[in-house]
Every structure is written in structure tokens, then in C-alpha cells.
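Counted from 1, the first sequence has number 119 at position 138 by my numbering; the numbering is strictly sequential. No residue lacks a Cβ here, since even glycine has one placed at the ideal position from N, Cα and C. In what follows, a structure is listed as C-alpha cells, so that the remarks can point back to it.
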Amino acid sequence: MNLELKIKEVVAVAITDLYGESLDSVLVQTQITRKGMEGDFTVVVFPLLKLSKKNPEITGEEIGKYIQTNLPEVASYKVIKGFLNLTLTHSYWIEQLNSIVGNQSFGFKKVDDSSPLMMIEYSSPNTNKPLHLGHIRNNLLGFSLSRVAQANGFRVVKTNIVNDRGIHICKSMLAWQKWGKSQTPESTGMKGDHLVGEYYVVFDKEYKKELAQLGESGLSQEEAEKKSTLMAEAREMLLKWEAGDEQVVSLWKTMNEWVYAGFDETYKALGVDFDKIYYESNTYTVGRDMVLEGLAKNAFYKREDGSVWADLTANGLDEKVLLRSDGTSVYMTQDIGTAKLRYDDYTIDKMVYVVGNEQIYHFQVLSVLLDKLGFEWGKDLFHFSYGMVELPHGKMKSREGTVVDADDLVAGMIDTAREMSQELGKLDGYSSEDAEQIYRMIALGALKYFILKVDPKKNMTFNPVESIDFNGNTGPFIQYTYARIHSILRKAVESNIDTNQLASTELSLTGKENNLLRLVLNFPTIVSEASDAYSPAFVANYVYDLAKEFNQFYHESPILFEENEAIRLMRVELCGVVGNTIKNAMWLMGIDVPPRM
RNA sequence: GGUCUAGUAGCUCAGUUGGAUAGAGCAACAGCCUUCUAAGCUGUGGGUCGUGGGUUCGAAUCCCGCCUGGAUCACCA
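Rendered as C-alpha cells:
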């Protein structure tokens, strides 16, 4: 709102005129007047006392008077303690309303070919297990982030790095080869990722069994692990894979295809997508070359056993292995290779990695390494780290079977949405296809909002029971509010209210209308703050405020039944801009807004 | 042990980056469907913002110490 800037400037001038002191207008502290107080805008006068050399009340009085006579937008002022509360004129608010009526992209910046490019990596699954609740937080944050960035004027490339090689996938392959050879997604009717995941579990079980047997014969845990034939076979398989063994590679391809088909289904259900997918099977060799190049340039060093290391102690970090003594790549090597390929493919202005906070150290190291390798973008990479998702009983543990599967969760939410809607009779008269689509919107709205409203950097507790509660501060509440607004607008059209006529500037606004407008006008700030903080949670908590405010307004103020035609029209317009703002805010989070609930 | 991070109502979370009387939802209780959607609205109760100091007109917010939880410090990914 540039009125804020205007006020600041006038205050600065006032200081000069009244007290003969100079003050940079950006230092003037303003804020939105606290709820329940009279006024719209507040100037904090405490910091100005040094310049006025008078007490807070008198200073506020003097500056308030000055502002009132010099700024036509200010109708009146009131000083309470050290706060100068300004009340703006009705015509100011009406003009603001008029200026955004019909602006469907209010709050969004334009994006064109010259806009800076932000690449956002998220999801990054392993191909040996289906997606779980932790991935859901990752996917939803990554996707929402991409939209927030887009709304802030970035060209966005959403990317996914699929960890499709390594010992973990060999474990699944081996177990399948040994104990499940005839099982396919077609023959079992299972999603491919679930099928493969099952064999990963089989491997783990059999491996444990073997360890227990070896343990009985008197070996220590460590010795048993070394002696395990199952693990040895898995490692051998990995070596064969790296050597390009035809049979192993063919099996690997088949099983990965099953997994990708399964992932695609999950992504589709969640409503997320990617512009470019990278596979570690393609990037790890690039990384190895990069490391060897770095070795040649003495950025890294080789130990006697042949392993390659980076010494980062000068950067306050440790020493880090980059190539194993057998010459194979580690995680870090792959990330270096992936980065290289990406920067070959795109002109990236900003790289963002959406990865859990357990990898903070990894990305600190990666940043320094890329820098050492001569990539100027390395030190600017941004690790968008987020906290773990815990269950009310504690952490998710695959061993204890407490992992919440992504597909199960989504399906369960949809079932609940259906049950509740039918119980309330909300969608009576809808065809079952249309109704199903709305149940899905509601279920995903609930899930997405539940996850996104929490500050990403904090660990969060996911309570399955509460997440399907559709009352209160939830996605469905906001969707419901939008549907309600939609219904008002529909009826306004039916009753021939001419929404092309702008409201008169002579009108006065009630406190509720004023609050609503203020929230809407604040939307661009919210969007840009979410971008600065890289946080969709700003948007979530904002849109809840807006929806709540609207519902209160709805119950207090007649909209279509107001007798005064001009006021009726203005309220319809207000509903329109609120509805549009809710829609835009929900879009940023990847949540659909049903026209009817 | 080093580094990082969090601690706000019984529970789940906000708190506009230092401002006024710390806010929502859930749970409990009491009301409101003859006007545009009751998945809603109104009211009541519930707080030593982990703790002790410091910085200043002013601290949940910034600095230091301590307590508690979590992450990380692999030739795992």
C-alpha cells in the first residue's frame, strides 16, 4: 500500500517543519492499527521523541494535526499513549476497492522471458519404497513454493531428482528375484511402488533372520554383518549394475518402471508435477568427473587407499569423502553431478533445494564444494529445509510399521470427506461424478492446508484424526467460505445487480467492511513476504484470517437484502474481491476452490 | 562433546521480524437456522510466552547463561 510510504514521508516533513530536525522517512515506524482500536493506520511516536524533545502525547498530537491537514486521505487522528492512530476517509477505501474490482491477478507479478529463473528441486524419492507422509510435506511445500515464486515474478522450473540407483534398489531387486519372481503389478493388482517396497521389506526381514542365525553361532553384530551372504549378493548386484551387466540392468529398468508408474499416480493425486526430472543413474558419473577435475586442480586430495576427499576445515566444516576407495560415487558426488547438468540445461538465477532439515550439513558442504569447483552459483544455493513430521505417538518408524503411506492417507481423507458431505447432505442433487470430484478437492484441501499452515522449519505433529476434522482453521473452512461467496455472486447476477457500476465514493464503510478490505489490500505484501521467507505458511494463516473475517461480516451484514442499492452493490463488489483473493491465496498453496460445497 | 534448531492455553498451531490488553482452532459449557450455504456465527472458562539475567521508552520477539526435546557430525542415501 503506497499510502504507507506517503504517511512516512509526511511524518518526515513534519519533523522538519515542526522541530527543525531531519529524519529519513524509511525510519518512520508505521503499522496497521491494532484490532479493536479506533483507526486504520498507526504511527509509532516513541522513536520520534528524541527529535521532538516533547512527551509522547504532545508529539503525537502535533504530528497528527500536521498529517491531517496535509494528507487528504486522513480523516481524523487520535493519540493513545505513544501511538498516533489515523483514521482514513471512506472515499479512500472506496477508491481502493474500485481499483481492484475485477483484477483477477491482484497481488501477482507478471512473468515473462526476461524474468529471473528459479529452479526448485523437491520430492526426490528413492525408488525402493512408496511415498509416505514425510514426502507429502516435501511435495506440498515444494509445489506451493514454486507458485509463490511464480507470483513474485520468477520463471520457475520444478525439478525432481530421482534416486534410482544404489544399494537400496538392489536390495529390492534381489529379494524379488529370490522370492517373488512371478509377481508383477498386473498379476497382483498392486501399485508398482508398493510392490517393490514390499520386497525391500522382505530383504530386510531375511537379512535380519540371517544376522540372527549368524549371531547364534557366536559372531558379534559387526562380524555377522560382514559375513552376511545376502548383503554380499546385494553389493555384488550393485557392482554388476555399475558394470552394465545386461540382466541386472534389465531387471532394474523393469522394476523402476513399475515404481515410476506408481509415483505418477501419487503425484497426480496430490496435484503436484515437475517440469524436468533428473535421474541419479545419469548424474553420478558426471559428478565423478567433476570430482576428478577438482582433484586435478588440487581443490581435493587423494588418500593412500585411493579415496578422494575435500578438506573443508578452513570453512568451519569437516573433511568429506567424495569418491570411495573403490572409485564409486557417494551421495555428495551425485549432487555435484546433478548440479552441473542442471546448470548446463538452464540459466539458473536461483537454485532452491526442498530437502528435510536432517540434511542441513549436507547442503552447507555442497555449497562450499560447488564454490570450490568454480561454480559461482554454489554459494547462493538455498536449502529450503523443513522439519520432520511426527505422529502423536512419536516418530514414524518403518521397523515398527508406523509409517503413514501417502496413498492410504489420501484415500482415507477422500472417504472421510465423502462421509461427512453425505451426512450433511451438502451435495444432494449432484451427479456422483461431480460429487466425487468435489470430495477429492475437499479431502486434499484439508490435507494440504493442514500441512502448509505450519511453519516449515518446525517439526510438526500429524494427527490423522484431527487432520480430517473439517471445522475450524482448516482448508475446507476456507473452501466453504469461497463457495459461499460464489453463491452470493451467482445470486447477485440472478437478481440483476449491475456489478459494472462502481460504488459511490460518498458511501461509508462499517468496521467489518473496512477490515475485509484492509486484508485484501495487504495480499501483495503477504505474497512477497512468503517469498522472502520462502514460506507458504504466511499465505495459509493470512487466508484463514480473511475467511474468518468474511464469515463474521456475512453474519452481521446483509448483502443482497440491503435496501440501499449503492450499499448493496458495494458489498457485492467486496464479496467479489474477497472471493478472488481467497482463490489466489489457495492457488498459491495448490488447493482447489470448489464452487459448491 | 562440537554445530544447528525448537520450547507460547489441556492438545495442534499463529503472532505482520522490537510495539498497545499475547491470538485462532480443537476439546468443555451456554446460545443462534423464516433472508444470500449452520462445514457457519456469538458468548464463557483456560497463559509466569521453558528458565535466570542483560540491552531500552517498550521484549514472546534481540544478546548471554542454564534446563528440556529434536537433527547432524558415515567410504548410507
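Let me know if Tyr334 comes out buried or exposed under the rule of 16 or more other beta-carbons within 10 Å of its beta-carbon. When all chains shown are included, Tyr334 counts as buried.
From the DSSP output, which residues share a beta bridge with Asn141? Per DSSP, Ile258.
Excluding sequence positions up to five away, which residues of its chain have a Cβ less than 8 Å from the Cβ of Thr294? So the list reads Glu300, once near-sequence residues are dropped.
So, with DSSP's three-state summary, where would you put Gln85? The answer is coil: DSSP assigns Gln85 none of H, G, I, E or B.
State yes or no: is the C-beta of Ala473 within less than 8 Å of the C-beta of Leu541? In contact: Ala473 and Leu541 (Cβ atoms closer than 8 Å).
Contact check, Met212 vs Trp157, beta carbons under 8 Å: No, the Cβ-Cβ distance between Met212 and Trp157 is not below 8 Å.
By alpha-carbon positions, which one of Lys162, Leu69, His116, Thr165 ends up nearest to Asn141? Comparing Cα-Cα distances from Asn141 to each of Lys162, Leu69, His116, Thr165, the minimum goes to His116.
Going by alpha carbons, who is nearest to Gly368 out of Thr383, Thr309, Met441, Tyr324? Looking only at Thr383, Thr309, Met441, Tyr324, the smallest Cα-Cα distance to Gly368 is reached by Met441.
How should His374 be labelled, buried or exposed, when 16 other C-beta atoms within 10 angstroms of its C-beta is the threshold for buried? The residue in question, His374, is exposed, as its Cβ has fewer than 16 Cβ neighbours within 10 Å.
Stretch pair the segment 252 to 270 + the segment 188 to 202: three plus CB contacts closer than 8 Å: A contact is defined here as three or more CB-CB pairs under 8 Å, and the segment 252 to 270 fails this definition with respect to the segment 188 to 202.
Would you check if the distance between the CB atom of Asp573 and the CB atom of Met422 is smaller than 8 Å? It is a contact, given that the beta carbons lie within the stated cut-off.
Indicate whether Leu298 and Val349 have their beta-carbon atoms separated by less than 8 Å. Contact: yes.
What's the gap between the Cα of Gly45 and the Cα of Asp5? Looking at the backbone, the Cα of Gly45 and that of Asp5 are separated by about 18 Å.
Mark Trp160 as exposed unless 16 or more other C-beta atoms lie within 10 angstroms of its C-beta, in which case mark it buried. Answer is exposed; the Cβ neighbour count stays below 16.
By DSSP, does Asn496 sit in helix, in strand, or in coil? In the three-state scheme derived from DSSP, where H, G and I count as helix and E and B as strand, Asn496 is classed as helix.
Anyone know if the C-beta pair for Phe87 and Asn561 falls short of 8 Å? Cβ distance < 8 Å, so Phe87 and Asn561 count as in contact.
Glu371 - partner residues in DSSP beta bridges: Beta-bridge pairing links Glu371 to Thr442.
Please state whether the Cβ-Cβ distance between Ala205 and Leu192 is less than 8 Å. With respect to Leu192, Ala205 sits close: the two C-beta atoms are nearer than 8 Å.
What residue from Phe184, Thr314, Gly147 has the CA that sits closest to Ala224's CA? The candidate whose alpha carbon is nearest that of Ala224 is Gly147.
Stretch-stretch touch, CB-based, cutoff 8 Å, three pairs: the segment 165 to 181 with the segment 125 to 138: Not touching, per the Cβ criterion.
CA-to-CA distance, Asp450 to Lys90, given in whole angstroms: Answer to the nearest angstrom: the Cα atoms are 35 Å apart.
For Lys139 and Phe255, which I take to be in contact (beta-carbon distance under 8 Å), what is that distance rounded to the nearest angstrom? So it is a contact: roughly 5 Å between Cβ atoms.
Between which two residues does the beta strand (DSSP E) harbouring Glu300 extend? Following the DSSP letters along the chain, one finds Glu300 inside the beta strand (DSSP E) bounded by residues 300 to 304.
Can you look up Glu76 in the DSSP assignment and give me helix, strand or coil? If DSSP states are grouped into helix, strand and coil, Glu76 belongs with the helices.
Roughly how many angstroms separate the alpha carbons of Ile341 and Ala514, rounded to a whole number? Approximately 17 Å between the Cα atoms of the pair.
When you compare the segment 231 to 251 with the segment 277 to 295, are there three or more beta-carbon pairs, one atom per stretch, that lie closer than 8 Å? In short, these stretches do not touch, since the Cβ pair count stays below three.
Who does Asn107 pair with in a DSSP beta bridge? Bridge pairing for Asn107: Asn144 [DSSP].
CA-CA distance, Gln345 and Phe356? Gln345 and Phe356: Cα-Cα distance of roughly 15 Å.
For Thr23, which of helix, strand or coil comes out of DSSP? Under the three-state reduction of DSSP output, Thr23 falls in the strand class.
Below 8 Å between beta carbons: does that hold for Val384 and Phe443? In this structure, Val384 lies away from Phe443, with their beta-carbon atoms at least 8 Å apart.
Cβ atoms of Met570 and Lys429: under 8 Å apart, would you say? The answer is yes: Cβ separation under 8 Å.
Does the Cβ-Cβ distance between Ala427 and Gly456 come in under 8 Å? In this structure, Gly456 lies closer than 8 Å to Ala427 by Cβ.
Suppose you measure from the CA of Glu42 to the CA of Val26; what does that come to, to the nearest Å? Rounded to whole angstroms, Glu42 to Val26 spans 10 Å at the Cα level.
Could you give the first and the last residue of the continuous beta strand (DSSP E) run that contains Ala56? Note, Ala56: beta strand (DSSP E), 55 to 61.
Hey, could you find the ends of the alpha helix (DSSP H) Leu65 is sitting in? Note, Leu65: premise wrong, no alpha helix (DSSP H); beta strand (DSSP E) at 64 to 69.
From this set, Glu339, Glu227, Phe458, which residue's C-alpha is nearest Lys439's C-alpha? Sorting Glu339, Glu227, Phe458 by C-alpha distance to the C-alpha of Lys439 places Glu339 at the top.
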